[in-house]
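J.: In UniProt numbering, the protein residues as written are 250 to 574.
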Ligand code: PEP
Ligand code: MG
């Protein structure tokens, strides 16, 4: 019931055996942060910044962005706020900018591919993020990273912007974390190498599933292939988590899967550290986690990794959940 769930608002996020985890909120505008605080979220695991660009008639200035990012940082009262740099392109277009016509926009000029090519636009955003980091605990996250070179280029660009701010004597968090989304299978497979450079990973299953299964996330015709708990996806998630942990990086997930009750026991068993979801799922997820023993979840995950089909995995999970008290 609602009253029972509300008890979890001020409880630490932990498994039945006391292993600490984080449950955070996904937000799309600064105002959404309130809902995450109201539900007792441990932070913001994904702030999609596209709204600043889409609900606008020009690329937002550094100052406009600074105000928005600062507001979220302050609302979250020192809890971590992972802010993702612009993920435009694909299906998300701008009224004031003409993207090149492509046969497959989802495989085309978007996200980090766009911002690395449009350094002026990237610079305004990075400077705004750095300046806002003086007012709370902001982390910067790059979307759609496919290669180590891309990540290094993006990170070097942040270093450049930091030097600018140093010269201008403008404050920012000198220890700001810089991480990346894992949403392209190539990055998941090479996670241990990325982890030498990135401070953290956040797995974007919405795209990771679509790219792994070659099944458009918007297409009803191939929706049957869209299987987040297919053993193949679980293995990619495992590679990502193991690769990150090898270098002591925290690994989160901000795709829809992170808030799915059937996925949570599996993700715990695979070793995921942070779960970011819509605010409305936070209390339910924390309640579920509190009933799960980590060693048992690990056993479940290991069985799931050896399954042939998603249906087999879901059967294992349903049995597991039915036995929880
Ligand atoms: C994802 O791909 O899982 C993700 C969180 O990003 P978006 O849904 O914005 O593509
Ligand atoms: Mg994505």
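Even glycine gets a Cβ: it sits at the ideal position worked out from N, Cα and C. Quantities reported herein were computed from a predicted structural model and do not represent experimental measurements.
Determine, using beta-carbon pairs with one atom in the segment 369-377 and one in the segment 466-485, whether at least three such pairs fall under 8 angstroms.
T.: The answer is no - the segment 466-485 does not touch the segment 369-377, with fewer than three Cβ pairs under 8 angstroms.
J.: In three-state DSSP terms, what is residue 471?
T.: Against the chain shown, residue 471 aligns to sequence position 222. Residue state, collapsed to three classes: coil.
J.: Could you work out which residue in 423, 517, 416 is closest to residue 266 when comparing CA atoms only?
T.: Translated into positions along the chain shown, residue 266 becomes position 17. The candidate whose alpha carbon is nearest that of residue 266 is 517.
J.: Assign residue 264 to one of two classes, buried (16 or more other C-beta atoms within 10 Å of its C-beta) or exposed (fewer than that).
T.: For the purposes of this step, residue 264 is taken as the residue at position 15 of the chain shown. Buried, by the Cβ-count rule.
J.: Give, in chain order, every unbroken run of the alpha helix (DSSP H) that is at least 4 residues long and sits entirely within the segment 468-508.
T.: Taking only runs of at least 4 residues, the alpha helix (DSSP H) segments lying wholly in the segment 468-508 are 480-495.
J.: Per DSSP, what kind of secondary structure is residue 525 in: helix, strand or coil?
T.: In the chain shown, the residue the question calls residue 525 occupies position 276. Residue 525 falls in the strand class under three-state DSSP.
J.: Determine the DSSP secondary structure at residue 429, reduced to helix, strand or coil.
T.: Residue numbering aside, residue 429 sits at position 180 when the chain shown is read from its first letter. Strand at residue 429.
J.: Which residues in the same chain as residue 395 place their Cβ atom closer than 7 angstroms to its Cβ, once the five residues preceding and following it in sequence are excluded?
T.: Start at 1 with the first residue of the chain shown, and residue 395 comes out as number 146. Same-chain partners within the cutoff: 433, 435, 436.
J.: Would you give the residue range spanned by the beta strand (DSSP E) that residue 390 belongs to?
T.: By 1-based counting over the chain shown, the position of residue 390 is 141. Note, residue 390: beta strand (DSSP E), 386-391.
J.: Using a strict less-than 5 angstroms threshold between each residue's beta carbon and the heavy atoms of the ligand MG, what residues do you get?
T.: In chain order, the qualifying residues are 432, 453, 456.
J.: Taking the straight line between their C-alpha atoms, what separation do you get for residue 324 and residue 307?
T.: Sequence index remark: in the chain shown, residue 324 carries index 75 (1-based). Sequence index remark: in the chain shown, residue 307 carries index 58 (1-based). C-alpha separation (whole angstroms): 26 angstroms.
J.: Between the Cα of residue 452 and those of 485, 469, 467, 441, spot the shortest distance and give me the residue it belongs to.
T.: Position 203 of the chain shown, counted from the start, is the residue given in the question as residue 452. Cα-wise, what sits closest to residue 452 is 485.
J.: Taking all protein chains shown into account, decide if residue 261 is buried (16 or more other Cβ within 10 angstroms of its Cβ) or exposed.
T.: Residue numbering aside, residue 261 sits at position 12 when the chain shown is read from its first letter. By the neighbour-count rule (16 or more Cβ atoms within 10 Å), residue 261 is not buried but exposed.
J.: Assess contact between the segment 293-307 and the segment 349-357, defined as three or more Cβ pairs (one per stretch) separated by less than 8 angstroms. Is contact present?
T.: No, they do not touch.
J.: Please determine, among 498, 463, 526, the residue with the shortest C-alpha to C-alpha distance to residue 443.
T.: Indexing the chain shown from 1 puts residue 443 at position 194. Taking only the C-alpha atoms, the option nearest residue 443 is 498.
J.: Go through the segment 393-452 residue by residue and report every complete run of the alpha helix (DSSP H) that reaches 4 residues or more, in order.
T.: Whole alpha helix (DSSP H) segments, 4+ residues: 397-416, 434-438, 440-443.
J.: Grab the span of the alpha helix (DSSP H) containing residue 300 for me, first residue to last.
T.: Locating residue 300 in the chain shown gives position 51, where the first residue counts as 1. Counting along the chain, the alpha helix (DSSP H) containing residue 300 begins and ends at 299-303.
J.: Would you say the segment 290-297 touches the segment 270-280, given that touching needs at least three Cβ pairs under 8 angstroms?
T.: With the cut-off at 8 angstroms, the segment 290-297 and the segment 270-280 touch.
J.: Answer with buried or exposed for residue 349, where buried requires no fewer than 16 other C-beta atoms within 10 angstroms of its C-beta.
T.: Within the chain shown, the letter at position 100 stands for residue 349. Counting Cβ neighbours within 10 Å, residue 349 comes out exposed, since fewer than 16 surround it.
J.: Spatial neighbours of residue 339 within its chain, please: CB distance less than 8 angstroms, with the 5 preceding and 5 following residues excluded, ordered by chain position.
T.: Your numbering for residue 339 matches position 90 in the chain shown. If we look at residue 339 and ignore the five residues flanking it on each side, its Cβ neighbours are 354, 355, 357, 359, 360.
J.: Flag residue 292 as yes when its Cβ comes closer than 7 angstroms to any non-hydrogen atom of the ligand PEP, and as no otherwise.
T.: Here the question's residue 292 lines up with position 43 in the chain shown. No; taking the cut-off as 7 angstroms, the Cβ of residue 292 has no heavy atom of the ligand PEP nearer than that.
J.: Report buried or exposed for residue 419, applying the criterion of at least 16 other Cβ atoms within 10 angstroms of its Cβ.
T.: Within the chain shown, numbered from 1, the residue matching residue 419 stands at position 170. Result: exposed.
J.: I'd like to know whether the C-beta atoms of residue 573 and residue 541 end up nearer to each other than 8 angstroms.
T.: Along the chain shown, read from residue 1 onward, the residue named residue 573 stands at position 324. Along the chain shown, read from residue 1 onward, the residue named residue 541 stands at position 292. In this structure, residue 541 lies closer than 8 angstroms to residue 573 by Cβ.
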